[in-house]
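Count the sequence shown with this note's numbering and you get residues 236 to 558, in order. Virtual Cβ for every residue (Gly too), placed ideally from N, Cα, C. Have a look at the structure below, then the notes.
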Amino acid sequence: MPYDIDPRLLRAFTAVADELHFTRAAARLYTAQQALSRDIRRLERELGADLFVRTTRQVALTAEGERLLPYAQRVLAAHDELAAAFRADPERPLLVDVGVPIGTAHRVLEDARRRLPDSCELVARFHSGLTGAAGELLAGRLDVSFGRFAALPHTVRAELDHQPVRLEPMTVLLDENHRLAARTTVPLAELAGETLYAGAGNPQTAEWTDLAARLFEGRGIAMAAPFPEIDGSREFTRVVRKQGWAVLASVEFIDVPGMVLRPLVDPVPLSPIAMVWRRGLRHPGLDALRAAARELGEKDAWLAKPESDWWLPETDATAMGLR
236 MPYDIDPRLL RAFTAVADEL HFTRAAARLY TAQQALSRDI RRLERELGAD
286 LFVRTTRQVA LTAEGERLLP YAQRVLAAHD ELAAAFRADP ERPLLVDVGV
336 PIGTAHRVLE DARRRLPDSC ELVARFHSGL TGAAGELLAG RLDVSFGRFA
386 ALPHTVRAEL DHQPVRLEPM TVLLDENHRL AARTTVPLAE LAGETLYAGA
436 GNPQTAEWTD LAARLFEGRG IAMAAPFPEI DGSREFTRVV RKQGWAVLAS
486 VEFIDVPGMV LRPLVDPVPL SPIAMVWRRG LRHPGLDALR AAARELGEKD
536 AWLAKPESDW WLPETDATAM GLR
């Protein structure tokens, strides 16, 4: 058996093993499906073993694939820690994805910047979606992101670290003439029969759409049909107004002219926000971000559960340290 297997091949293998779907695995790795298939075939040749059973309907791990998986995960974790150790140049700018220039992540970033000398730079990026950011974190193209950690695949989470930051109460964005717009709060039961936009069709924010689907289930709330990724607040405002959507949102959200933001209650649905980074990353900027998140959370009770009834999937509650 060779001892110089390219880590890229192992990363391809773990992605397919996790997704059991070549198209989804390729999207996660930002590569073409044909290239991913070639990498898997090459790895199988080098190991002298079939790793997957492929049919027109499904992909499954073989016994040899099951045997390889824990070894591959440990090798990749060690490889990433090694790479991170030698990338940990305190003079290197740290790239931080905060999603939008308002809200929890942006507040953490601004507080962290005040803690650092001018020689340490934290560079903001404004791309929504931890699902999309995860692949870039693993590849070293991004250093820190924020979002719903529990929604990431297990094999991805195994290569990342996270720190719970905030339990954000969820809201609904309504046209100012909507029947519920005059309410100060909106009980979830009042949304029965409504259709809400929650990012369906945007693969970068799949974790948010999944959270919405879990919340809507059994409550008579419909998900707006899939729509292409909307880039930027100006375009978001234009599309939302034109489509006439009500929007599932967080407690801190961009202003949309002609629309109002109302807290959801009975129960209060929570959006779990964690800070996420590549395992093994060492950088004074990361230390500052972690300290800022912790101290802001303590000051503003970001991780406190609402006094009234609240809602959060069990897996998210565990990831956020509530169980």
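With residue 507 and residue 547 assumed to form a contact (beta carbons below 8 Å), what rounded beta-carbon distance in angstroms separates them? As a position in the sequence shown, residue 507 is number 272, starting the count at 1. As a position in the sequence shown, residue 547 is number 312, starting the count at 1. About 7 Å separates the two Cβ atoms, so the contact holds.
Compare the Cα-Cα distances from residue 522 to each of 344, 308 and 453 and report the closest residue. Along the sequence shown, one-based indexing puts residue 522 at 287. Here the closest residue by C-alpha is 344.
Residue 395, enclosing beta strand (DSSP E) - first and last residue: Translated into positions along the sequence shown, residue 395 becomes position 160. That run of the beta strand (DSSP E) goes 395–410.
Name the DSSP beta bridge partners of residue 485, please? Counting from 1 along the sequence shown, the entry for residue 485 is found at position 250. DSSP lists 405 as partners of residue 485.
Neighbourhood of residue 390 by C-beta distance below 6 Å, restricted to the same chain and skipping five residues each side: Residue mapping note: residue 390 aligns to position 155 of the sequence shown, counting from 1. Closer than 6 Å at the Cβ level, and outside the excluded window around residue 390, lie 249 and 253.
Quick one, which of 405, 439, 443 and 456 has its alpha-carbon nearest residue 424's? Residue numbering aside, residue 424 sits at position 189 when the sequence shown is read from its first letter. The option with the nearest alpha carbon to residue 424 is 456.
Within 9 Å, strictly: CB atoms of residue 409 and residue 497: By 1-based counting over the sequence shown, the position of residue 409 is 174. By 1-based counting over the sequence shown, the position of residue 497 is 262. It is a contact, given that the beta carbons lie within the stated cut-off.
Pairs of beta-carbons, one from the stretch 500–515 and one from the stretch 377–391, closer than 8 Å: are there three or more? yes
Taking only three categories from DSSP, how would you classify residue 430? Within the sequence shown, the letter at position 195 stands for residue 430. Here residue 430 sits in strand by DSSP.
Give me the residue from 276, 304 and 370 with the minimum Cα distance to residue 263. As a first step, residue 263 must be located in the sequence shown, where it is residue number 28. The shortest Cα separation from residue 263 among 276, 304 and 370 belongs to 370.
Just curious, the alpha helix (DSSP H) that residue 252 is in, first and last residue? If you number the sequence shown from 1, residue 252 lands on position 17. Its alpha helix (DSSP H) spans residues 242–254.
Out of 395, 500 and 400, which has the shortest C-alpha to C-alpha gap to residue 419? As a working note, residue 419 is residue 184 in the sequence shown. Ranking the options by Cα distance to residue 419, first place goes to 500.
In terms of alpha-carbon separation, which member of 532, 256 and 524 lies closest to residue 388? Against the sequence shown, residue 388 aligns to sequence position 153. The alpha carbon of residue 388 has as its nearest neighbour, out of 532, 256 and 524, the alpha carbon of 256.
By how many angstroms is the C-alpha of residue 312 removed from the C-alpha of residue 284? As a first step, residue 284 is located in the sequence shown; it is residue number 49 there, counting from the start. As a first step, residue 312 is located in the sequence shown; it is residue number 77 there, counting from the start. About 23 Å.
Taking the alpha-carbon positions, what's the residue 550 to residue 280 distance? Against the sequence shown, residue 550 aligns to sequence position 315. Against the sequence shown, residue 280 aligns to sequence position 45. The straight-line gap from Cα to Cα measures roughly 38 Å.
Helix, strand or coil, according to DSSP, for residue 499 in the structure here? Residue 499 sits at position 264 when you count from the first residue of the sequence shown. Looking at residue 499 - three-state DSSP - the assignment turns out to be strand.
Determine whether the beta carbon atoms of residue 483 and residue 421 lie at a separation below 9 Å. Reading the sequence shown from its first residue, position 248 is the one you call residue 483. Reading the sequence shown from its first residue, position 186 is the one you call residue 421. With contacts defined by Cβ atoms closer than 9 Å, residue 483 and residue 421 do not form a contacting pair.
Considering just the uninterrupted stretch of the alpha helix (DSSP H) at residue 524, what are its terminal residues? Numbered from its first residue, the sequence shown carries residue 524 at position 289. Element bounds for residue 524: 519–535.
Straight-line CA distance for residue 445 to residue 533? In the sequence shown, the residue the question calls residue 445 occupies position 210. In the sequence shown, the residue the question calls residue 533 occupies position 298. Cα to Cα, residue 445 sits roughly 29 Å from residue 533.
Helix, strand or coil at residue 508 according to DSSP, with G and I counted as helix: Here residue 508 refers to the residue found at position 273 when the sequence shown is read from its first residue. Three-state result, residue 508: strand.
By Cβ distance below 7 Å, which residues in the same chain neighbour residue 260 in space, the five residues on each side in sequence not counted? For this step, residue 260 is matched to residue 25 along the sequence shown. For residue 260, where only same-chain residues beyond five positions count, the Cβ hits under 7 Å are 250, 251, 254 and 271.
Counting only the same chain and skipping the five closest in sequence on each side, list residues whose C-beta sits under 6 Å from that of residue 487. Translated into positions along the sequence shown, residue 487 becomes position 252. The residues are 337 and 338.
Does the separation of the CB atoms of residue 530 and residue 346 fall below 9 Å? Residue numbering aside, residue 530 sits at position 295 when the sequence shown is read from its first letter. Residue numbering aside, residue 346 sits at position 111 when the sequence shown is read from its first letter. Contact: yes.
Use the C-beta contact count for residue 353: other C-beta atoms within 10 angstroms, 16 or more gives buried, fewer gives exposed. Looking up residue 353 in the sequence shown gives position 118. When all chains shown are included, residue 353 counts as exposed.
Nearest candidate by alpha-carbon position, reference residue 464, set 331, 363, 525 and 481: By one-based count along the sequence shown, residue 464 stands at place 229. The shortest C-alpha separation from residue 464 is found at 363.
Does the beta-carbon distance from residue 437 to residue 462 come in below 9 Å? Walking along the sequence shown from the start, residue 437 turns up at place 202. Walking along the sequence shown from the start, residue 462 turns up at place 227. Yes, they are a contact pair.
Do residue 527 and residue 350 have their CB atoms nearer than 9 Å? Here residue 527 refers to the residue found at position 292 when the sequence shown is read from its first residue. Here residue 350 refers to the residue found at position 115 when the sequence shown is read from its first residue. Yes, the Cβ-Cβ distance between residue 527 and residue 350 is below 9 Å.
For residue 463, which beta-bridge partners are listed by DSSP? For the purposes of this step, residue 463 is taken as the residue at position 228 of the sequence shown. In DSSP, residue 463 forms no bridge with anything.
Assuming the contact rule is C-beta atoms closer than 8 Å, residue 332 and residue 368 should be a hit. Round their C-beta distance to whole Å, please. For the purposes of this step, residue 332 is identified with residue 97 of the sequence shown, where counting begins at 1. For the purposes of this step, residue 368 is identified with residue 133 of the sequence shown, where counting begins at 1. That belief holds up - the Cβ atoms of residue 332 and residue 368 are roughly 5 Å apart, short of 8 Å.
Taking all protein chains shown into account, do 16 or more other C-beta atoms lie within 10 angstroms of the C-beta of residue 414, making it buried, or fewer, making it exposed? Residue numbering aside, residue 414 sits at position 179 when the sequence shown is read from its first letter. Looking at its Cβ environment, which holds fewer than 16 other Cβ atoms inside 10 Å, residue 414 is exposed.
What's the call for residue 524, buried or exposed, on a 16-neighbour Cβ count within 10 Å? Position 289 of the sequence shown, counting from 1, holds the residue named residue 524. With 16 or more other Cβ atoms within 10 Å, it is buried.
What are the start and end residues of the beta strand (DSSP E) that includes residue 294? Along the sequence shown, read from residue 1 onward, the residue named residue 294 stands at position 59. Note, residue 294: beta strand (DSSP E), 294–296.
Contact criterion: CB-CB distance below 9 Å. Does residue 403 meet it with respect to chain C? You won't find chain C in this structure, because it holds only one protein chain.
Apply the 10 Å Cβ neighbour rule to residue 236 and answer buried if 16 or more other Cβ atoms are within range, or exposed otherwise. On the sequence shown, position 1 is the one that residue 236 refers to. In this prediction, residue 236 scores a pLDDT of 47, lower than 50, which makes its location untrustworthy; no coordinate-derived value is stated.
Helix or strand or just coil, what does DSSP make of residue 280? Looking up residue 280 in the sequence shown gives position 45. If DSSP states are grouped into helix, strand and coil, residue 280 belongs with the helices.
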